[in-house]
C-alpha cells in the first residue's frame, strides 16, 4: 500500500488520492517566454532537420478531437516547453548515436537508438 512520506500523516496508509495544482509563478511564466523565444529563433533550422512534427494530423476516428479544437498539426499538441524539451532530447540522442553504435555494435546499438 502507498503511505504518506511526510507531514502529520507520515507512515499512515493513503486512502485517497489528492492532486494539487499550483498556479504558475513568475519563474514558470519566464520559462514559458524563454521556450517560445527559443522555438521562434530556431524553428526553421529544427524544422529543416525534421525535429518538429509539423505534419498534418490525419482525419480519423481518434484524431477528430484535436482537430475540433483547432489543432491541425502534430506540433500543436504540445506546449512550447514540451516541444522544446522533446527537440532537445532528440538532438542529444542524435549527437550520441555514433558513440552508442560504436560502443554497442550495429545491431544492439540500432535497437537502443
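Numbering (my numbering), first residue to last: 4 to 116.
Think of the CB as a built atom: it goes at the ideal place given N, C-alpha and C, for glycine as much as any other residue.
{"Asked": "Under 7 Å Cβ to Cβ from residue 42, same chain only, skipping five residues before and after it: list those, please.", "Found": "83, 86, 87"}
{"Asked": "Which residues in the same chain have their Cβ closer than 7 Å to the Cβ of residue 60, if we skip the five residues on either side of it in sequence?", "Found": "66, 69, 70, 74, 75, 76, 77"}
{"Asked": "Measure the alpha-carbon distance for residue 32 versus residue 108 and round it to whole angstroms.", "Found": "44 Å"}
{"Asked": "Could you name the residues of the same chain whose beta carbon sits closer than 7 Å to that of residue 13, not counting the 5 residues immediately before and after it, in chain order?", "Found": "7"}
{"Asked": "Which residue from 101, 23, 39, 17 puts its Cα closest to that of residue 81?", "Found": "39"}
{"Asked": "Answer with buried or exposed for residue 16, where buried requires no fewer than 16 other C-beta atoms within 10 angstroms of its C-beta.", "Found": "exposed"}
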